[in-house]
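**Q** This is the structure I have questions about; it appears just below.
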Amino acid sequence: MITVSEIVKNYIKSTPYIEEALNLDLINVSALAREIQPYVREETMKNIKLGAIIMAIKRYKPEIKKGTNQINKILNNLGDITIKSNLYEFTFQNSSTLISNLKDFILNLNNDPRNYFIISQGIFEITIIVNKKLVDLVSKKFKDENSVFELNAISAISIKLPPDNLNIPGVYYSILKALAWEDVNLIDIVSTSNELILIITEEQIERAFSIIKSLTS
């Protein structure tokens, strides 16, 4: 049977803003307990007293602090943060000919170090982000594909992450939250094991760069 502590923990974890406010001591524990008491009673089908919920919240707070410290350690050890500007984005609907055209596109890159491209394939669509030098090649190789979306004047911020990021929940959330709070709109997000790439309009790139750099201090 699920315990009161587990119910309280799951509730708080499902609402990250409450979790963060608790960590910063911005929420009155008793008030929060009263707010979630009906939920806890419904989940347990028991008349759970307010004191039991308060204790469950207080027991969970050290876990929040520990997780926050782990995330801050990652953010304080970010590697290179680089910017690529004057990029173009193309999104095509997946088709029976798409992979063949994609292969042809890659073979024509010729390992030129001046080329910059990102390919992200989903179930229904594929997105290709390239520098200006490759725009004509994309247009040529995918001219018969169904174009879903095109955008220019975008930039990419590439963030090198420490290997430990794979084991720490909330690293991406902390970066994306900081940008969202400052009204920075993300066009796309691409990642590898230890690299996070954010696609942003060129008019917001300097602001986004400053926000990300501030997380490392």
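Here the numbering used here is used: position 204 in the sequence shown is 190, and no number is missing along the way. Beta carbons are placed, not taken as given, at the ideal position from N, Cα and C, and that holds for glycine. No experiment lies behind these values; they were computed from the predicted model shown.
Going by C-alpha distance, which of Asn180, Ile186, Val124 and Asn9 is nearest Arg45?
**A** Out of Asn180, Ile186, Val124 and Asn9, Asn9 has the C-alpha closest to the C-alpha of Arg45.
**Q** Hey, quick one: how far does the beta strand (DSSP E) through Ser133 stretch, first residue to last?
**A** Ser133 -> beta strand (DSSP E) spans Ser133 to Lys146.
**Q** Over the uninterrupted beta strand (DSSP E) stretch that includes Asp224, give me the two end residues.
**A** In the structure as shown, the chain begins at -13 and stops at 203. Residue 224 is therefore absent and cannot be evaluated.
**Q** In three-state terms, what does DSSP make of Lys129?
**A** Lys129 falls in the coil class under three-state DSSP.
**Q** In the DSSP output, which residue or residues are listed as bridge partners for Tyr74?
**A** Looking at the DSSP assignment, Tyr74 forms a beta bridge with Val116.
**Q** I'd like the list of long-range same chain contacts for Leu152, defined as Cβ closer than 7 angstroms, with 5 residues on each side in sequence excluded.
**A** Closer than 7 angstroms at the Cβ level, and outside the excluded window around Leu152, lie Ser179.
**Q** Along the chain, where does the beta strand (DSSP E) that runs through Phe103 open and close?
**A** Element bounds for Phe103: Phe103 to Gln107.
**Q** Tell me which residues share the same chain as Arg193 and place their Cβ nearer than 8 angstroms to its Cβ, disregarding the 5 neighbours each side in the sequence.
**A** Cβ neighbours of Arg193 beyond the five flanking positions: Glu168 and Val170.
**Q** Measuring CB to CB, does Glu75 end up less than 8 angstroms from Ile173?
**A** Yes, the Cβ-Cβ distance between Glu75 and Ile173 is below 8 angstroms.
**Q** Skipping 5 residues on each side, what residues in its chain have a beta carbon closer than 8 angstroms to that of Ile191?
**A** Within the same chain, Ile191 has close Cβ partners Ile69, Ser71, Ser141 and Ile143.
**Q** Residues in its own chain within less than 6 angstroms of Phe91 by CB, not counting five upstream and five downstream?
**A** Within the same chain, Phe91 has close Cβ partners Lys127.
**Q** Might you give, ordered along the chain, the residues of its own chain that have their beta carbon closer than 6 angstroms to the beta carbon of Gly65, omitting 5 neighbours on each side?
**A** The residues are Lys146.
**Q** Tell me, please, which residues DSSP counts as bridged to Leu184.
**A** Answer by DSSP bridge pairing, in chain order: Ile143 and Ile175.
**Q** On the three-pair Cβ rule with 8 angstroms, is the region 80 to 97 touching the region 30 to 42?
**A** The region 80 to 97 vs the region 30 to 42: no contact.
**Q** From Arg100 to Glu189, what does the alpha carbon distance come to, in whole angstroms?
**A** Near 23 angstroms, if we compare the C-alpha coordinates of Glu189 and Arg100.
**Q** How long is the line joining the alpha carbons of Phe103 and Ile115, rounded to whole angstroms?
**A** Phe103 and Ile115: Cα-Cα distance of roughly 5 angstroms.
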